[in-house]
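*Asks:* The structure that follows is given in the form of C-alpha cells.
In full-length UniProt numbering, the protein residues as written are 1 to 257.
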C-alpha cells in the first residue's frame, strides 16, 4: 500500500539517530516532521495518506486544501448514512434535507425546527406527524414495507419514544402544522426518500447503501451537472465521492443495524 509505505518512511527517517543514507545521497539524521512534505496529484488521494498518518500517530497539516472527511461532499454523504442509521439525528437530517436542492428553504427549516422544538421531538418525528395530519400524501411519500424498518415509526400517541439520545416525550395534542401545501409536499417527498433508504439499509452492504443513496438522491448529477448545471470543481468532488466508496468497500461485511 503506497500510503502505508510513505507513512512508514516518514516515521523511519524521523526516528533515525544516524544518517540512513550516505552524505553523497543527502544523508539525514532524525529529521523533524516539519522537514517532510508529501505531494499527491488529486485531492481524492489525500484520504489514504491522512488515514495512514493517523494510524501511526504522525501529526500532519494539509496545505492548500481541506481534510478528506471535512470536504462538503463527503460530509453530505456521511450525513445521509448517519440519518439512515439513526433517523433521530436531527443534525444529520438538517444538513441534507435540501441537498441536492428540493425546494426546502431556510425559512421552512427554521419553522420546522421551531415546531419540532415546541413539541420536544426530533425533526424526523415532526415530519411523521405532518404526514399523519395530511389526508392526501404526495406520490413521493412511501412507508417502508416493514414497520420494523422505521426506528421512529411507533405510535406517536404513546407518552415516551426511545431514541439514541434517550427518551423523547410524545404529545397526543400536536396541533396543526404551519406549512403550506407546496411546502408539505416537498417535506413529505424527503420523508418518503428517507424511509426508502432506511428500508434499503436492512439488507444492503455499506457500499450498496452508499450507491443507493447516490442514485436515489441524484447526488452525482448534483455534482456533475443536470438541469441546474454542475457545481464548481464538480469532477474533483465526484472523485472524492468515489474515494469514499472505496472506503465503504472495506466495511462491506458490516450492516447498519
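For glycine and all other residues, C-beta sits at the position ideal for the given N, C-alpha and C.
Out of 96, 176, 113, which has the shortest C-alpha to C-alpha gap to residue 132?
*Replies:* Walking along the chain shown from the start, residue 132 turns up at place 132. Closest by alpha carbon: 176.
*Asks:* Taking buried to mean at least 16 other C-beta atoms within 10 Å of its own C-beta, is residue 64 buried or exposed?
*Replies:* Start at 1 with the first residue of the chain shown, and residue 64 comes out as number 64. So residue 64 ends up on the exposed side.
*Asks:* Measure the alpha-carbon distance for residue 92 versus residue 31 and round it to whole angstroms.
*Replies:* As a working mapping, residue 92 is identified with position 92 in the chain shown. As a working mapping, residue 31 is identified with position 31 in the chain shown. Distance between the alpha carbons of residue 92 and residue 31 is about 42 Å.
*Asks:* Could you tell me whether the stretch 202-209 touches the stretch 3-18, where touching means 3 or more Cβ pairs closer than 8 Å?
*Replies:* These segments do not touch.
*Asks:* Counting pairs of Cβ atoms below 8 Å between the stretch 75-90 and the stretch 188-206, do you hit three or more?
*Replies:* Yes: the two stretches touch, three or more of their Cβ pairs being nearer than 8 Å.
*Asks:* With DSSP run on the structure shown, which of helix, strand or coil describes residue 87?
*Replies:* Within the chain shown, numbered from 1, the residue matching residue 87 stands at position 87. Correct three-state label for residue 87: coil.
*Asks:* Which word fits residue 235, buried or exposed, when buried means at least 16 other C-beta atoms lie within 10 angstroms of its C-beta?
*Replies:* Working through the chain shown from its first residue, we reach residue 235 at position 235. Answer is exposed; the Cβ neighbour count stays below 16.
*Asks:* Around the Cβ of residue 124, are there at least 16 other Cβ atoms within 10 angstroms (buried) or fewer (exposed)?
*Replies:* Counted from its first residue, the chain shown places residue 124 at position 124. Buried, since its Cβ has 16 or more Cβ neighbours within 10 Å.
*Asks:* Span of the alpha helix (DSSP H) holding residue 7?
*Replies:* Translated into the one-based positions of the chain shown, residue 7 becomes position 7. Where residue 7 is concerned, the enclosing alpha helix (DSSP H) stretches over 2-15.
*Asks:* From residue 259 to residue 189, what distance separates their C-alpha atoms?
*Replies:* Residue 259 is absent from the structure shown; the chain starts at 1 and stops at 257.
*Asks:* Excluding sequence positions up to five away, which residues of its chain have a Cβ less than 8 Å from the Cβ of residue 55?
*Replies:* Counted from its first residue, the chain shown places residue 55 at position 55. Hits under 8 Å: 7.
*Asks:* Do residue 70 and residue 240 count as a contact pair if the criterion is CB distance below 8 Å?
*Replies:* In the chain shown, residue 240 corresponds to position 240, counting from 1. In the chain shown, residue 70 corresponds to position 70, counting from 1. The answer is no: Cβ separation not under 8 Å.
*Asks:* Please confirm whether residue 44 and residue 221 have their CB atoms less than 8 Å apart.
*Replies:* Within the chain shown, residue 44 is the residue found at index 44, counting from 1. Within the chain shown, residue 221 is the residue found at index 221, counting from 1. No.
*Asks:* Rounded to the nearest angstrom, what separates residue 4 and residue 41 at their Cα positions?
*Replies:* Along the chain shown, one-based indexing puts residue 4 at 4. Along the chain shown, one-based indexing puts residue 41 at 41. So the two alpha carbons sit approximately 17 Å from each other.
*Asks:* In angstroms with no decimal places, state the Cα-to-Cα distance between residue 57 and residue 13.
*Replies:* Residue numbering aside, residue 57 sits at position 57 when the chain shown is read from its first letter. Residue numbering aside, residue 13 sits at position 13 when the chain shown is read from its first letter. Their Cα atoms are separated by approximately 15 Å.
*Asks:* Would residue 178 pass as a contact of residue 111 if the rule is Cβ separation under 8 Å?
*Replies:* To locate residue 178, count along the chain shown from 1; it is residue 178. To locate residue 111, count along the chain shown from 1; it is residue 111. It is a contact, given that the beta carbons lie within the stated cut-off.
*Asks:* For the stretch 189-244, list the alpha helix (DSSP H) runs that are entirely contained and at least 4 residues long, ordered along the chain.
*Replies:* Segments of the alpha helix (DSSP H) lying fully in the stretch 189-244: 206-217, 219-224.
*Asks:* Please give me, in chain order, every unbroken run of the beta strand (DSSP E) with length at least 3 that falls completely inside the stretch 40-100.
*Replies:* Listed in chain order, nothing qualifies, since the stretch 40-100 has no complete beta strand (DSSP E) run of 3 or more residues.
*Asks:* So, residue 95 versus residue 79, is the Cβ gap smaller than 8 Å?
*Replies:* Here residue 95 refers to the residue found at position 95 of the chain shown. Here residue 79 refers to the residue found at position 79 of the chain shown. A contact, by the Cβ cut-off of 8 Å.
*Asks:* For residue 250, which three-state DSSP category applies?
*Replies:* Sequence index remark: in the chain shown, residue 250 carries index 250 (1-based). Reduced to three states, the DSSP call for residue 250 is coil.
*Asks:* Output needed for residue 47: all residues of its chain with C-beta closer than 6 Å, excluding positions within five of it in sequence on either side, in chain order.
*Replies:* If you number the chain shown from 1, residue 47 lands on position 47. So the list reads 68, 243, once near-sequence residues are dropped.
*Asks:* Is DSSP giving residue 116 helix, strand or coil here?
*Replies:* Counting from 1 along the chain shown, the entry for residue 116 is found at position 116. Reduced to three states, the DSSP call for residue 116 is helix.
*Asks:* With burial defined as no fewer than 16 other Cβ atoms inside 10 Å of the residue's Cβ, what is the status of residue 237: buried or exposed?
*Replies:* One-based indexing of the chain shown puts residue 237 at position 237. Result: buried.
*Asks:* Ignore the nearest five residues each way along the sequence and tell me which others in residue 100's own chain have a CB closer than 8 Å to its CB.
*Replies:* On the chain shown, position 100 is the one that residue 100 refers to. The answer, listed in chain order, is 217, 218, 219, 221, 222.
*Asks:* Does any residue of chain C bring its CB to less than 8 Å from the CB of residue 246?
*Replies:* Absent here is chain C; the protein component of the structure consists of one chain.
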